[in-house]
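Here the structure comes first, spelled out in structure tokens, and everything after it is commentary.
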Amino acid sequence: MKKIHIILLVFIAGAIALLISLLNTGSTYDTIAEAKAKPGKFVHVAVRRDTTMTVEYDQLKDPNYLSFHAVAVDTSKETMKVVYRGGPIENLMISERLILKGKFEGDHFECKEVQSKCPSKYKENMKPQQNNSAGPSAEKTIETSSAINQSPTNSEAK
1338 MKKIHIILLV FIAGAIALLI SLLNTGSTYD TIAEAKAKPG KFVHVAVRRD
1388 TTMTVEYDQL KDPNYLSFHA VAVDTSKETM KVVYRGGPIE NLMISERLIL
1438 KGKFEGDHFE CKEVQSKCPS KYKENMKPQQ NNSAGPSAEK TIETSSAINQ
1488 SPTNSEAK
């Protein structure tokens, strides 16, 4: 065989190996049961926040620690405790769905990244928003913000 043929075969084999490795890294969402079955392995889990449980966040004690309970989006209704060490999550209280990226450690899911999926304003069956601040949306904001257990800030504590 000529040198050029050997180089081409190595190049083709490398390209095939690269394609196979890219196919295996496709992101699919695991269920809570699958994440629990793979402790220590990095997974993506699609969940909803469990609205019956409180969100734990104390900005004075540890401003980066946040924990909450999540419910599976599938029909199993399985739950898990989620610990996120990146501070408060934007839109956590109104998100329809959360994509959690992390691994299961012990009795909780140690989350490294959170992607929130908020309700779309483009859904056909949604009602138009009201502009007055005393409407139902204001009541919902007060109701959901009281679900977070926060300690008073330095100015409130004095």
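Using the numbering used here, you'd call the opening residue of the sequence shown number 1338 and step up by one each time. Where is the CB? At the ideal position from N, CA and C, for every residue including glycine. Quantities reported herein were computed from a predicted structural model and do not represent experimental measurements.
Query raised in the report: Could you give the distance in angstroms between the alpha-carbon of residue 1378 and the alpha-carbon of residue 1419?
Result: Residue 1378 sits at position 41 when you count from the first residue of the sequence shown. Residue 1419 sits at position 82 when you count from the first residue of the sequence shown. Their Cα atoms are separated by approximately 15 Å.
Query raised in the report: Rounded to a whole number of angstroms, what is the C-alpha to C-alpha distance between residue 1355 and residue 1346?
Result: Position 18 of the sequence shown holds residue 1355. Position 9 of the sequence shown holds residue 1346. Each residue's Cα considered, the two are about 14 Å apart.
Report task. To the nearest angstrom, report how far apart residue 1457 and residue 1393 are at their CA atoms. Result -> For this step, residue 1457 is matched to residue 120 along the sequence shown. For this step, residue 1393 is matched to residue 56 along the sequence shown. Roughly 27 Å separates the two Cα atoms.
Query raised in the report: Which of helix, strand or coil does DSSP assign to residue 1436?
Result: Locating residue 1436 in the sequence shown gives position 99, where the first residue counts as 1. In this structure, DSSP gives residue 1436 an extended state, which the three-state scheme calls strand.
Requested in this report: State the Cα-Cα distance for the pair residue 1395 and residue 1353, rounded to the nearest angstrom.
Outcome: Indexing the sequence shown from 1 puts residue 1395 at position 58. Indexing the sequence shown from 1 puts residue 1353 at position 16. When rounded, the distance between both Cα atoms is 51 Å.
Query raised in the report: CB-CB under 7 Å to residue 1401, same chain, minus the five flanking residues each way: which ones, in chain order?
Result: As a first step, residue 1401 is located in the sequence shown; it is residue number 64 there, counting from the start. So the qualifying residues of the chain are 1422, 1423 and 1424.
Query raised in the report: Identify the residues that DSSP records as bridge partners of residue 1447: which are they?
Result: Taking the first residue of the sequence shown as position 1, residue 1447 is located at position 110. BP columns for residue 1447 point to 1420 and 1440.
Query raised in the report: Apart from the five residues on each side of it in sequence, which residues of its chain come closer than 8 Å, Cβ to Cβ, to residue 1381?
Result: If you number the sequence shown from 1, residue 1381 lands on position 44. Here the set comprises 1364, 1365, 1366, 1367, 1436, 1437 and 1438.
Query raised in the report: Quick one, which of 1371, 1385 and 1374 has its alpha-carbon nearest residue 1431's?
Result: Taking the first residue of the sequence shown as 1, we reach residue 1431 at position 94. When 1371, 1385 and 1374 are compared, the shortest CA-CA separation from residue 1431 is found for 1385.
Query raised in the report: Residues in its own chain within less than 8 Å of residue 1341 by CB, not counting five upstream and five downstream?
Result: Along the sequence shown, one-based indexing puts residue 1341 at 4. Hits under 8 Å: none found.
Requested in this report: Since I believe residue 1453 is in contact with residue 1429 (beta carbons under 8 Å), could you give me their beta-carbon distance rounded to a whole number of angstroms?
Outcome: Here residue 1429 refers to the residue found at position 92 of the sequence shown. Here residue 1453 refers to the residue found at position 116 of the sequence shown. Residue 1453 and residue 1429 do touch by the CB rule: their CB atoms are close to 7 Å apart, below 8 Å.
Query raised in the report: Run through DSSP, which three-state label would residue 1342 get?
Result: For the purposes of this step, residue 1342 is taken as residue 5 along the sequence shown, with counting starting at 1. Correct three-state label for residue 1342: helix.
Requested in this report: In the DSSP assignment, find the unbroken alpha helix (DSSP H) run with residue 1371 in it and report its ends.
Outcome: The residue you call residue 1371 lines up with position 34 of the sequence shown. Counting along the chain, the alpha helix (DSSP H) containing residue 1371 begins and ends at 1369-1374.
Query raised in the report: Mind checking whether residue 1372 and residue 1446 have CB atoms under 8 Å apart?
Result: As a working note, residue 1372 is residue 35 in the sequence shown. As a working note, residue 1446 is residue 109 in the sequence shown. In contact: residue 1372 and residue 1446 (Cβ atoms closer than 8 Å).
Query raised in the report: If you run the structure through DSSP and keep just helix, strand and coil, what is residue 1347?
Result: Stepping through the sequence shown from its first residue, residue 1347 is reached at position 10. Assigned with DSSP and collapsed to three states, residue 1347 falls in helix.
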